[in-house]
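Novice: Using the numbering used here, you'd call the opening residue of the sequence shown number -12 and step up by one each time. This is the structure, below, for whatever I ask next.
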Amino acid sequence: MEVVRRRSGSGCLSVVVAIMCAFVVVMVPGVLATRWTVGGNMGWSTNFNYTVWAQDKHFYNGDWLFFVYDRNQMNVLEVNKTDYESCNSDNFLHNWTTGAGRDVVPLNVTRNYYFISGKGFCYGGMKLAIHVENLPPPPTSTPLDEKSSSSTLTSRGMIVLPMVLAIGAVWDAFLWHW
């Protein structure tokens, strides 16, 4: 006589797998994104060169800019190139100022972005121009040479997806035993 084991958690398993898939789809792009604090420790303030701050950074589609400043005096305005160069805040494209002095700007389009602080602070150096680009494709695999025993990851977050899938596999195996 053959004994058939019935898995009592098969309905629950479907829900868990669906949740894990949703988790991967939602979380992986967030993990790959970078939140840049504009000006680093100096924040968004006068007498700081934001061109120098931004010159060695790569801004990618999906990243965020985080502006930290004195909310009672300054603001964050997105302008076009002409208004950026002349520090003109009259025709801004978008006012990112929320009033808290902690403003987040999503970089969700591949293009040039221009930010200034109005109220005359642009003339004190509070202006930032950046170029947002798409993430580069992952590196192609190359044979290891004799000098190197392991390859390095050069693209952001390349280890995240395999880790999430491994956790999901372990979780799935754990559920099947119950």
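Here a beta-carbon is modelled for each residue, glycine too, at the ideal position from N, C-alpha and C.
Give me the residue from Gly105, Met113, Pro123, Tyr110 with the minimum Cα distance to Thr97.
Specialist: Among Gly105, Met113, Pro123, Tyr110, the Cα nearest to that of Thr97 belongs to Pro123.
Novice: So for Asp70, helix, strand or coil by DSSP?
Specialist: Correct three-state label for Asp70: helix.
Novice: Is it true that the CB of Leu94 sits closer than 8 Å to the CB of Leu52?
Specialist: Cβ atoms of Leu52 and Leu94: closer than 8 Å.
Novice: Taking the straight line between their C-alpha atoms, what separation do you get for His81 and Gly107?
Specialist: Roughly 17 Å between the two C-alpha positions.
Novice: With Val39 as the anchor, note down where its alpha helix (DSSP H) starts and where it stops.
Specialist: Where Val39 is concerned, the enclosing alpha helix (DSSP H) stretches over 37 to 41.
Novice: Our contact map puts Tyr37 next to Tyr71 with C-beta atoms below 8 Å; I'd like the distance itself, whole angstroms only.
Specialist: Not a contact, Cβ separation roughly 11 Å.
Novice: May I ask which residues mark the beginning and end of the beta strand (DSSP E) holding Ala116?
Specialist: Looking at the DSSP string, the run of the beta strand (DSSP E) that includes Ala116 is 114 to 120.
Novice: Between Met61 and the rest of its own chain, which residues show a CB-CB distance below 6 Å, the 5 nearest in sequence each way excluded?
Specialist: Excluding sequence neighbours, Met61 sits near Ser104, Phe108.
Novice: Three-state secondary structure (DSSP) at Tyr100?
Specialist: If DSSP states are grouped into helix, strand and coil, Tyr100 belongs with the strands.
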